[in-house]
Amino acid sequence: MGNNDPETPQKPKIPGTPLQGWWWVYILVGILLISQWFMWGSKSTQETTWLDFQNTMLARQDVESIVIVNQDKAEIYIKPDRLGQGIYQEIPSGKAGPHYYMNIGSGEHFEDKLEEFTTAKDLDPIPIKYEKRSNWWGEIISWIIPLLIIVAIWIYILRRVGRGNAGGSGFNPFDFGKSGAQVFDDTNISKVTFEDVAGLEEAKVEVMEVVDFLKNPGTYTSLGAKIPKGVILVGPPGAGKTLMARAVAGEAKVPFFSISGSEFVEMFVGVGASRVRDLFRKAKEKAPSIIFIDEIDAIGRSRSKAFSMQSNDERESTLNQLLTEMDGFGTNAGVIVMAATNRADMLDRALLRPGRFDRHIYLELPNLEERKAIFKVHMRPLKLANSIDIHTLGGQTPGFSGADIANICNEAALIAARRKKSAIEMEDFTEAIDRIIAGLEKKTKIISDSEKRIVAYHESGHATVSWFLQHTDTLMKVSIVPRGKSLGAAWYLPQEHQILTRKQFLDRLCAALGGRAAEDIIFDEVSSGALDDLEKVTKQAYTMVAFYGLDSEMGNISYYDSTGEYEQSLQKPYSEATAQLIDKAVRQLIESSYQRTKEVLHAHREELEELAQLLLKKEVVGKEELETIFGPRPDPTLYPKVPKNEKN
Ligand code: ATP
45 MGNNDPETPQ
55 KPKIPGTPLQ
65 GWWWVYILVG
75 ILLISQWFMW
85 GSKSTQETTW
95 LDFQNTMLAR
105 QDVESIVIVN
115 QDKAEIYIKP
125 DRLGQGIYQE
135 IPSGKAGPHY
145 YMNIGSGEHF
155 EDKLEEFTTA
165 KDLDPIPIKY
175 EKRSNWWGEI
185 ISWIIPLLII
195 VAIWIYILRR
205 VGRGNAGGSG
215 FNPFDFGKSG
225 AQVFDDTNIS
235 KVTFEDVAGL
245 EEAKVEVMEV
255 VDFLKNPGTY
265 TSLGAKIPKG
275 VILVGPPGAG
285 KTLMARAVAG
295 EAKVPFFSIS
305 GSEFVEMFVG
315 VGASRVRDLF
325 RKAKEKAPSI
335 IFIDEIDAIG
345 RSRSKAFSMQ
355 SNDERESTLN
365 QLLTEMDGFG
375 TNAGVIVMAA
385 TNRADMLDRA
395 LLRPGRFDRH
405 IYLELPNLEE
415 RKAIFKVHMR
425 PLKLANSIDI
435 HTLGGQTPGF
445 SGADIANICN
455 EAALIAARRK
465 KSAIEMEDFT
475 EAIDRIIAGL
485 EKKTKIISDS
495 EKRIVAYHES
505 GHATVSWFLQ
515 HTDTLMKVSI
525 VPRGKSLGAA
535 WYLPQEHQIL
545 TRKQFLDRLC
555 AALGGRAAED
565 IIFDEVSSGA
575 LDDLEKVTKQ
585 AYTMVAFYGL
595 DSEMGNISYY
605 DSTGEYEQSL
615 QKPYSEATAQ
625 LIDKAVRQLI
635 ESSYQRTKEV
645 LHAHREELEE
655 LAQLLLKKEV
665 VGKEELETIF
675 GPRPDPTLYP
685 KVPKNEKN
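Take any residue in the sequence shown, count from 1 to its spot, add 44: that is its number in the numbering used here.
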């Protein structure tokens with residue numbers, strides 16, 4: 045309970061020490077150790093053996109009595125008048141017994157042996173007493189120590205789990221069901237604004253509208269309109285969804301609760317639902333406010349699509365709670381929920397229906413102008429040389445996400461710093477792009493001359509085919525310096541396509557097969573170096589046949605499954621006969637493309653050889669040299685004709 049009574053004096057807060065909360069454990073262990081020490085310390089009884097006992101103590105008739113404790117220990121009392129002298133010199137006279145002890149197998153056996161000895165030697169019988177003693181200290185320790193270990197492990201686990209939750213504030217088991225969302229409000233202002241989000245203009249307008257709903261609800265409600273409850277940001281990884289949400293927090297000037305979907309789900313059942321309740325309660329208290337749930341697929345994945353064998357009750361109950369809260373079952377007035385995901389198709393349909401996340405904002409990968417704008421944003425803090433040409437950089441990075449571009453800028457700065465430059469130059473950016481596309485250069489990797497020859501011809505094969513076919517991207521550079529996992533690489537300047545035609549697909553297949561075909565023609569032998577190419581070609585041919593309906597025999601049919609249901613069921617959506625048809629069509633497509641690739645290479649064998657020799661000499665060949673060897677990319681009308689599919 046909080047101490048809010050003004051009459052009661054407030055206790056000053058003492059900064060926590062590592063001992064706090066654990067004091068009782070330390071005290072208990074201390075008491076146990078001290079008492080054990082006393083117990084052991086107080087013992088001055090010496091241990092003896094049967095031989096000593098028999099040959100000295102018994103033989104000399106020094107033993108007064110024996111007490112057998114718990115059937116396994118014999119305590120020996122020496123006659124008082126013998127103490128302090130002879131072999132008992134060390135024992136002060138008058139000291140109370142027992143004076144010696146001995147571990148024995150069993151009481152009866154001991155007694156028999158004793159009797160046998162005394163009778164044989166004609167000695168006086170020795171009185172024996174039996175006692176049962178319980179070692180309660182030992183027993184207490186034997187159950188307290190395991191208990192303490194279990195409690196310590198439990199507290200350790202709770203602390204570990206608790207650290208990621210409840211906002212990371214000090215551990216308190218009662219905070220377990222609290223949401224732990226990061227809150228941006230008057231005291232903790234988000235520094236990201238729309239200035240930091242480049243491009244994404246349409247998305248910004250839509251998101252701003254959400255903020256306006258909260259600030260001026262009257263404008264909308266006076267016309268009878270209902271304010272949307274949920275907005276979901278959908279887009280590929282790194283497209284700027286989280287950044288956009290942070291910018292909303294910075295611009296909205298209303299409390300903003302940010303949490304990741306995975307933070308709800310815990311190994312304990314019921315915690316997720318309780319965190320959802322807590323989050324909505326806090327948001328409602330501070331309304332108007334915005335809740336942002338990042339990576340909502342962690343909880344919102346479709347219930348029917350979860351693996352049927354692996355039930356996930358905790359995730360489902362968390363999702364159910366989220367659905368209930370969003371239903372307006374209570375009054376959610378003044379609270380708008382924003383969420384982000386890469387996979388909207390995986391989300392439960394109940395979550396996406398009107399009344400819940402009814403607004404979908406799509407964030408696409410940036411186009412040329414947007415990429416330039418993103419470069420500008422991330423170049424702001426960098427020290428740049430005059431040579432930097434943002435237009436070229438934007439052109440060299442099609443298909444890159446905002447996160448990739450941010451990474452390039454940072455990578456370029458690191459490269460320039462390594463070279464001890466005072467400003468980052470264009471070549472640093474180019475190298476950063478190369479590195480991100482093809483991996484880190486490994487100049488020290490040892491490759492034999494014969495392997496190098498294979499790589500040179502393989503790369504020349506790709507280069508030659510892509511140069512002479514119409515629908516391939518423009519080749520910029522070829523290299524046989526190993527990078528990442530690959531032994532060579534070719535850089536293209538991809539055009540930005542929204543759709544690809546069949547002819548474009550076919551040319552791309554040929555360009556990918558160029559390496560394997562060149563090895564085949566030159567060495568009359570093929571190598572394992574075409575693994576990546578063949579994987580790419582097979583996948584592409586399969587999508588052409590089974591997804592895009594680009595094979596005449598298969599017809600206009602697509603087995604693409606945007607809902608991901610077949611993915612989970614391990615069953616193909618077509619019959620065995622169709623599977624065979626698909627296999628056949630894929631094989632034919634790849635085989636005919638391979639023959640066509642070889643034709644192109646036969647026709648341009650001289651150029652192929654020339655480029656391979658130059659690569660062996662220089663390792664890297666740029667666009668100018670490529671043009672010198674191949675000539676300018678020829679007139680489209682001169683390109684080899686795309687053969688019609690045999691059956692077409
Ligand atoms: P994920 O789905 O993987 O979480 P995301 O879409 O949420 O990705 P963000 O985390 O928002 O991606 O973006 C990562 C980084 O990329 C940002 O911190 C930012 O530096 C950069 N970035 C992405 N998009 C943009 C943009 N439009 N303008 C400026 N920077 C951007």
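Each residue gets a CB set at the ideal place from its N, CA and C atoms; glycine is no exception.
Query, Result
"Among L660, G559, M588 and I566, the one whose alpha carbon lies nearest that of D576", "G559"
"Unbroken alpha helix (DSSP H) run spanning E408, endpoints", "Where E408 is concerned, there is no enclosing alpha helix (DSSP H), given that its DSSP letter is neither H nor E."
"M353 burial status per 10 Å Cβ neighbour count (16 or more: buried)", "Annotation note: pLDDT 47 at M353 (below 50); position unreliable, coordinate value reported separately. So M353 counts as exposed."
"The ligand ATP heavy atom lying under 8 angstroms from the CB of V421", "yes"
"Of the listed residues R649, E253 and Y536, nearest to I482 (C-alpha basis)", "Checking the displayed sequence, the identity of residue 482 turns out to be Ala instead of Ile. That would be Y536, whose Cα lies nearest to the Cα of A482."
"Contact test: V241 Cβ vs the ligand ATP heavy atom, cutoff 8 angstroms", "yes"
"Sequence-distant residues of its chain with Cβ nearer than 6 angstroms to A394 (five each side left out)", "L367"
"Which of helix, strand or coil DSSP assigns to N454", "helix"
"C-alpha gap between M370 and A327, whole angstroms", "12 angstroms"
"Straight-line gap, L409 to R415 (C-alpha atoms, nearest Å)", "9 angstroms"
"Check: A417 C-beta below 8 angstroms from any heavy atom of the ligand ATP", "yes"
"Cβ neighbour criterion (16 or more within 10 Å) applied to D357", "exposed"
"Unbroken alpha helix (DSSP H) run spanning K580, endpoints", "L575 to Y586"
"Cβ contact check for the stretch 423-441 and the stretch 632-650: 3 or more pairs under 8 angstroms", "no"
"Alpha helix (DSSP H) segment containing Y145, residue limits", "Y145 -> not in any alpha helix (DSSP H); beta strand (DSSP E) instead, spanning Y144 to N147."
"Proximity test, D338 beta-carbon vs the ligand ATP heavy atom, cut-off 8 angstroms", "yes"
"Local Cβ density within 10 Å of R203, reported as buried at 16 or more and exposed below that", "exposed"
"Residue closest to A623, alpha-carbon to alpha-carbon, out of I184, A196 and M598", "M598"
"Where H404 falls: helix, strand or coil (DSSP)", "strand"
"Within 9 angstroms, strictly: CB atoms of G532 and L484", "no"
"Nearest candidate by alpha-carbon position, reference L557, set L578, I172, H648 and R462", "L578"
"Nearest-angstrom Cα separation, counted from G316 out to R359", "7 angstroms"
"G559 CB to nearest heavy atom of the ligand ATP below 8 angstroms", "no"
"In chain order, each alpha helix (DSSP H) run of at least 4 residues that lies wholly inside the stretch 311-335", "315-329"
"Cβ-based burial, F351 [other Cβ within 10 Å; buried from 16]", "Reliability of the predicted coordinates at F351 is poor, the pLDDT of 48 falling under 50, and the value obtained from them is presented with this limitation in mind. Exposed: under 16 other Cβ atoms inside 10 Å."
"C-alpha gap between M470 and L670, whole angstroms", "22 angstroms"
"Heavy atom of the ligand ATP within 8 angstroms of S619 beta-carbon", "no"
"Neighbour flag for K420 against chain B, beta carbons, 9 angstroms", "The chain labelled as chain B is not found in the depicted structure, where only one protein chain is given."
"Rounded separation between K521 and E663 - CA only", "11 angstroms"
"First and last residue of the uninterrupted beta strand (DSSP E) at S304", "F300 to S304"
"Contact test: K285 Cβ vs the ligand ATP heavy atom, cutoff 8 angstroms", "yes"
"Reference E339, options K248, L391 and I452, closest by Cα", "L391"
"G212 versus Q226 - alpha carbon distance", "Because G212 carries a pLDDT of 45, less than 50, the predicted location of this residue cannot be relied on, and no value is offered for it."
"Beta-bridge partners of S571, as assigned by DSSP", "Answer is none; S571 lacks a bridge partner."
"E134 in three-state terms, based on DSSP", "coil"
"Beta carbon of I170 nearer than 9 angstroms to that of E108", "yes"
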